[in-house]
Amino acid sequence: MVSKEVEKLLLKVQKPGRYVGGELNEVIKDKKKVDSRFAFCFPDTYEVGMSHLGMKILYSLMNAVPYIWCERVFAPWVDMEEEMIKHNIPLYALESGDPVSDFDFIGFTLQYELSFTNMLNMLRLSGVPIKSCDRKELKNIVVAGGSCACNPEPIADFVDIFFIGEGEEVDLEVIELFRKCRAEGKSKQEFLELSSKIEGVYVPALYDVTYNEDGTIKSFTPKGDAPAKIHKRIMLDMDKSFYPDNFVVPLVEIVHDRAVQEIFRGCIRGCRFCQAGMIYRPVREKSPETINKQCRALCDNTGYDEVSLSSLSSSDYSQIVPLLDKLNEWSKDEKVSISLPSLRVDGFTDDIMNKIKTVRKSGLTFAPEAGSQRMRDVINKNVREDELLQTCTTAFAGGWTTVKLYFMIGLPTETMDDVAAIAGLGQSVVDAYYKCPDKPKGKSVRVTVSASSFVPKPFTPFQWEPQDTIPVLHEKQQHIKDSITTRKIQFNYHDADTSYLEAVFARGDRKLCKVMELACERGFHFDGWNDCFSLEKWLELFDECGVDPSFYANRHRSFDEILPWDHIDYGVTKDFLIRECKKAYADTTTPHCRLKCNNCGAAKYGKGVCFEKRKNMV
């Protein structure tokens with residue numbers, strides 16, 4: 001429901017459907033019958049935000065409570081932002097059209113470090129003070145969660161509450177506490193102090209940080225009786241965890257325009273660069289019966305004819321074939337296709353292929369991550385070249401002609417020979433196609449090789465490692481180009497400049513807050529988009545603030561250094577991460593969780609694959 005003023009602007013911007021609301025399945029409530037309003041803000045465009053599963057889950061979860069109204073807010077693209085500023089229109093929620101400043105909670109999901117400036121810019125466009133200390137009243141409580149809440153410190157000055165871990169329970173508990181505090185006339189400070197007692201809640205204002213002369217952290221001290229360690233929240237029984245039976249159906253085409261069904265959380269594999277594979281431990285699966293029921297309800301209520309089975313590694317679902325059998329019982333007749341993203345190289349079997357043939361053969365994607373076997377052992381990928389080639393041969397025989405391969409450059413211990421091996425592996429896949437006797441007749445193969453730059457992330461075995469400098473990353477990108485000798489391979493690579501800034505924010509501390517504040521004043525936004533990003537301007541900001549970004553991105557850290565996120569517990573112990581880092585330097589792999597419990601620490605939750613594995617070993 002947009003105002004007449006907004007309507008006048010829509011003809012002046014591209015994709016006006018981003019800004020009007022009114023979609024199928026949106027939730028509209030009577031403002032007089034709700035007493036807690038939550039603005040769920042996604043710090044990117046409508047098309048990106050509407051594709052995000054976490055937003056879909058929490059939107060429906062909160063709106064299932066009669067007295068809570070959760071509405072959606074997305075970052076306006078630059079054309080709409082310009083018009084809003086010109087006509088003095090504040091950022092508004094799609095459902096009611098009300099300004100974000102009218103809401104009790106302003107919540108952000110942080111999936112990507114380069115969205116931090118969009119978060120601050122959305123507050124600025126709302127007319128809400130960006131710094132927590134400037135929001136004095138018990139309203140406009142800014143909360144944030146998501147994978148980037150792993151290291152909240154670079155934006156600690158701006159967020160009142162971070163949700164650490166999974167949000168289904170903790171979000172509602174904080175809203176309930178807010179209602180109680182407001183009814184009792186408590187102050188914002190009292191509310192924050194009480195919130196800090198809830199497991200999974202981190203209130204940055206209740207902690208002091210001191211630094212050594214070399215810029216590293218000296219101490220991290222809680223104020224009053226705030227907890228010294230913040231423990232993540234986790235949903236242990238996925239069959240009982242809330243899942244919506246419908247999604248808001250977008251008005252414009254979005255990035256992932258299909259029904260999405262979560263089949264499990266966590267990952268058994270333990271890739272040493274992968275943050276998600278560590279922080280979402282342990283693996284917790286839904287039953288095939290629950291997944292089947294939820295998939296059917298989603299298709300019935302949204303009209304989608306494709307369901308994507310979402311997880312970090314779909315083929316690692318322990319009952320994948322029985323699940324596909326159940327889904328095929330109704331999906332074929334109703335012409336609903338089932339897609340399996342995040343397939344592992346060693347998980348694409350004939351059985352799985354035959355059961356997903358309803359999917360359009362637009363291409364298959366695999367992530368070997370490294371070209372040489374040595375590097376795959378370093379990162380604990382546990383995939384061999386012969387497995388990749390056999391998998392591709394299986395796919396080619398099944399009718400596929402397009403394969404995308406994802407790699408990473410700049411990994412610890414990498415040499416130029418390892419980099420050249422990326423092109424070599426791509427060539428081996430091309431060769432495998434022409435050796436396959438059952439390949440599609442009269443068609444050529446297309447192999448896309450994509451290389452992103454390694455970004456060291458918190459809570460991974462590589463959190464202590466430096467990122468390659470930008471010139472070195474450029475040299476490695478060129479080396480791959482020069483090593484490709486066929487037009488059958490298309491090479492794509494990620495911009496090293498944005499990866500550098502991502503590394504700065506990923507491992508930053510509170511000294512970055514002043515840089516962020518200045519970036520907001522200067523109108524920085526959409527740093528993840530080439531249209532808006534300028535490393536040169538960022539370097540000028542860092543220089544102006546007296547902050548050296550290479551201190552965060554390119555510096556090797558010792559195991560005994562206090563890291564900005566050491567006060568947060570995601571279940572995986574630092575000792576385990578150190579062991580894994582040392583094994584990487586020895587080119588030694590670690591078996592996955594179903595083969596052996598490696599004592600990462602996540603068994604303490606008493607559920608999930610690692611706990612079950614341990615129990616069976618006793």
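For what it's worth, full-length UniProt numbering labels the leading residue of the sequence shown as 1, then goes sequentially.
Positions of the beta carbon are idealized from the N, C-alpha and C atoms, including for glycine.
C-beta contact flag for residue i and residue j at 8 Å
i: F454; j: C150; result: no
i: D245; j: N301; result: yes
i: R179; j: G200; result: no
i: A420; j: H479; result: yes
i: K476; j: F491; result: no
i: Y59; j: F74; result: no
i: Q294; j: Q261; result: yes
i: L340; j: V403; result: no
i: F407; j: S372; result: no
i: T401; j: K441; result: no
i: S313; j: R384; result: no
i: V100; j: V128; result: yes
i: L236; j: R284; result: yes
i: K335; j: D305; result: yes
Span of the alpha helix (DSSP H) around residue i
i: Q390; result: E385 to A397
i: M55; result: L53 to N63
i: V174; result: V170 to A183
i: K481; result: I470 to S483
i: E561; result: Here E561 belongs to no alpha helix (DSSP H), and DSSP marks it neither H nor E.
i: L125; result: F116 to S126
i: E544; result: L535 to C545
Collapsed DSSP secondary structure at residue i in the structure displayed
i: L364; result: strand
i: M416; result: helix
i: Y570; result: coil
i: Q261; result: strand
i: M353; result: helix
i: V359; result: Residue placement at V359 is poorly supported in this model, since its pLDDT is 47, which falls under 50; the coordinates still yield a value, given next. Correct three-state label for V359: coil.
i: R18; result: helix
i: Y493; result: strand
i: V249; result: strand
i: R272; result: coil
i: P90; result: coil
i: F162; result: strand
i: S195; result: helix
i: F551; result: helix
i: V255; result: coil
i: L138; result: coil
i: K604; result: helix
i: I422; result: helix
i: A144; result: strand
Per-residue burial, residue i [other beta carbons within 10 Å of its own, 16 or more giving buried]
i: R360; result: In this prediction, R360 has a pLDDT of 48, which is less than 50 and means its spatial position is unreliable; what the coordinates show is noted afterwards. Classification of R360: exposed, given that the 10 Å Cβ count is below 16.
i: L192; result: buried
i: S3; result: exposed
i: L91; result: buried
i: N121; result: buried
i: A603; result: buried
i: N212; result: exposed
i: I130; result: buried
i: K582; result: exposed
i: I291; result: buried
i: W69; result: buried
i: N530; result: exposed
i: V255; result: exposed
i: R487; result: exposed
i: K381; result: buried
Candidates the options, of which the one nearest residue i by Cα
i: I141; options: F162, C148, E153 and N121; result: F162
i: C600; options: A584, R579 and R344; result: R579
i: D575; options: A395, F559 and K332; result: F559
i: A228; options: D468, Q294, V609 and D566; result: D566
i: T448; options: S241, A423 and H231; result: A423
i: L309; options: C274, F264, I268 and R272; result: F264
i: E540; options: R522, N530 and F551; result: R522
i: E536; options: L501, E561 and C513; result: L501
i: D431; options: L389, L405 and P412; result: L389
i: D102; options: L9, S36 and E23; result: S36
Endpoints, beta strand (DSSP E) assigned at residue i
i: D208; result: Y207 to Y211
i: R446; result: R446 to S453
i: P322; result: Note, P322: premise wrong, no beta strand (DSSP E); alpha helix (DSSP H) at I320 to S331.
i: L309; result: E306 to S310
i: G107; result: F105 to T109
Any chain C beta carbon closer than 8 Å to residue i
i: L251; result: You won't find chain C in this structure, because it holds only one protein chain.
Closer than 7 Å: residue i CB and nearest the ligand FMN heavy atom
i: G54; result: Questions concerning the ligand FMN fall outside what the structure shown contains, since it holds no ligand whatsoever.
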